[in-house]
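Everything on this sheet refers to the single structure shown next.
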Amino acid sequence: MNSLHIVMLFCLQRLKEERTIYGVYHLLKGKKSAQTIQDGQIYGLSFLFQSFPYLKKPSFDSMITTLVQKEAITSKGEHVYQVTEKGHEYVQKWLTTNKLPSSLNGWQYANVTYPFWKRLLVLFQTASNLVYEEKKFVPVTRDEETLRWLKNFLVRNGQNRTELAHQLFQELKNILKETPQLNVELFVRQFSGYQYAGETNVQIAKEYNVDEHYVHLCQLATVHFIIHMLEKQKDLYKLLQGLLTDFNVVLPLTSSAKATYELMKRNKSFEDIMRIRRLKKSTIEDHLAEIALFIDDFSLSDYVTNAEQEEIKRVYLKLNTNKLKPIKDEVSSSITYFQIRLVLAHLTKERRVTWS
Numbered sequence: 001m002n003s004l005h006i007v008m009l010f011c012l013q014r015l016k017e018e019r020t021i022y023g024v025y026h027l028l029k030g031k032k033s034a035q036t037i038q039d040g041q042i043y044g045l046s047f048l049f050q051s052f053p054y055l056k057k058p059s060f061d062s063m064i065t066t067l068v069q070k071e072a073i074t075s076k077g078e079h080v081y082q083v084t085e086k087g088h089e090y091v092q093k094w095l096t097t098n099k100l101p102s103s104l105n106g107w108q109y110a111n112v113t114y115p116f117w118k119r120l121l122v123l124f125q126t127a128s129n130l131v132y133e134e135k136k137f138v139p140v141t142r143d144e145e146t147l148r149w150l151k152n153f154l155v156r157n158g159q160n161r162t163e164l165a166h167q168l169f170q171e172l173k174n175i176l177k178e179t180p181q182l183n184v185e186l187f188v189r190q191f192s193g194y195q196y197a198g199e200t201n202v203q204i205a206k207e208y209n210v211d212e213h214y215v216h217l218c219q220l221a222t223v224h225f226i227i228h229m230l231e232k233q234k235d236l237y238k239l240l241q242g243l244l245t246d247f248n249v250v251l252p253l254t255s256s257a258k259a260t261y262e263l264m265k266r267n268k269s270f271e272d273i274m275r276i277r278r279l280k281k282s283t284i285e286d287h288l289a290e291i292a293l294f295i296d297d298f299s300l301s302d303y304v305t306n307a308e309q310e311e312i313k314r315v316y317l318k319l320n321t322n323k324l325k326p327i328k329d330e331v332s333s334s335i336t337y338f339q340i341r342l343v344l345a346h347l348t349k350e351r352r353v354t355w356s
């Protein structure tokens, strides 16, 4: 059983059979739907959002089969699985013998993680080659947007090749001092430079006697840590900061919800927003549920009275469930699913979750 199996079991533990196993797939893949985003927050799994974007559904289905065969999970209905006692033991044993990264922050950095990662890899490769006056090399990425960014960045930066390479190396060295040594080693082995190619995750995994998913997870955690440090100490890492200048790292909303939020800040009513954006009521409700999860000053009382909030909260605590229908069946008939979603969002504001 590899580390991705363990992550799947960990997610299923938190979902408590209240969502299908494909909710786990969409979370790990990084599907930016209202359901996936809200589930990530409610079940304390947002830090794993988009952690395995390369995961394909046939591979995921195969891993489900493996978990069933190993008696780690058992079916409780259509695509709903319960983690067995043996499954819980697998997770605990794994977590006591493996150091899984603690700096993952998937949803917070969902819009910037992989573009930043590609930029860093190609900038490092370019700086290394330019120091040796080598202009003919194959870039580590074929992504045209990243390559356009690189060209513009080098023009704007204006440093000579030696200064650029030295500053990049020093900033990376200083920032990586704060991360676990194993994570650093797994991270830097992917870098390419002058007359050498970075290793693949399969190669790295073989060298360290781990699986490739573990390598990826540690690398991802390192990227998240770097972004966190760049936000926290902007003046210390001015070169690396340049890799983020055209991204909004602070506001973790989907682009459509962000547009709705901008209208809200201009005091536009629900009906105004529907009219201006030409969107259905249910779509705007999805946006508001997302905004309620991430924006601290979201005014819940604009949509749910204090009495309704208390009633929903009381039923939520009584039933100990995040499923909407059981709560809807217990509260007053005048209370809507939308209002329940908003209150649940308010009750489950993002909390940092560790592997426990």
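In our numbering, the protein residues as written are 1 to 356. Think of the CB as a built atom: it goes at the ideal place given N, C-alpha and C, for glycine as much as any other residue.
Distance between residue j and residue i (C-alpha atoms, nearest Å)
i	j	result
Y194	F137	9 Å
K281	R19	24 Å
G242	L12	39 Å
V80	F10	15 Å
D297	M264	12 Å
A221	S332	44 Å
G158	K151	12 Å
E17	L67	15 Å
E163	F153	15 Å
E330	E199	56 Å
V369	A205	Since the displayed the chain opens at 1 and closes at 356, residue 369 lies outside it and no answer follows.
T321	F49	22 Å
R275	V249	29 Å
R142	Q181	30 Å
V122	E262	34 Å
Y25	R119	27 Å
F191	T283	42 Å
L147	T126	11 Å
Y22	H287	22 Å
L300	R266	17 Å
Beta carbon of residue i nearer than 7 Å to that of residue j
i	j	result
K57	A72	no
K31	T254	no
L168	C218	no
L240	L230	yes
V91	I6	yes
L104	H213	no
D290	A257	Going by the sequence as given, residue 290 is Glu instead of Asp. In this structure, A257 lies closer than 7 Å to E290 by Cβ.
G106	S51	yes
Residue i in three-state terms, based on DSSP
i	result
I73	strand
Q82	strand
R19	coil
K56	coil
L12	helix
M229	helix
L123	helix
D211	coil
Y132	coil
T68	Here residue 68 is Val; the residue named in the question, Thr, does not match the sequence. Residue state, collapsed to three classes: helix.
S51	coil
A205	helix
E350	For E350, the predicted structure reports a pLDDT of 46, less than 50, and the residue's modelled location is therefore unreliable. The matter cannot be settled from this model.
W94	helix
Contact belief for residue i with residue j at Cβ below 8 Å, rounded distance in angstroms
i	j	result
K70	M8	Not quite, the Cβ-Cβ distance comes to about 12 Å (not below 8 Å), so this is no contact.
V112	F247	4 Å
K328	Y337	6 Å
Y43	L4	With a Cβ gap of about 18 Å, Y43 and L4 do not count as contacting.
L27	D39	7 Å
R341	L324	7 Å
Alpha helix (DSSP H) runs wholly inside the region 140-197, at least 4 long, in chain order: 144-157, 161-176 and 181-188
At 4 residues or longer, what runs of the alpha helix (DSSP H) sit wholly inside the region 244-317? Secondary structure within the region 244-317: the alpha helix (DSSP H) runs of 4 or more consecutive residues, fully enclosed, are 255-265, 270-277 and 281-294 (chain order).
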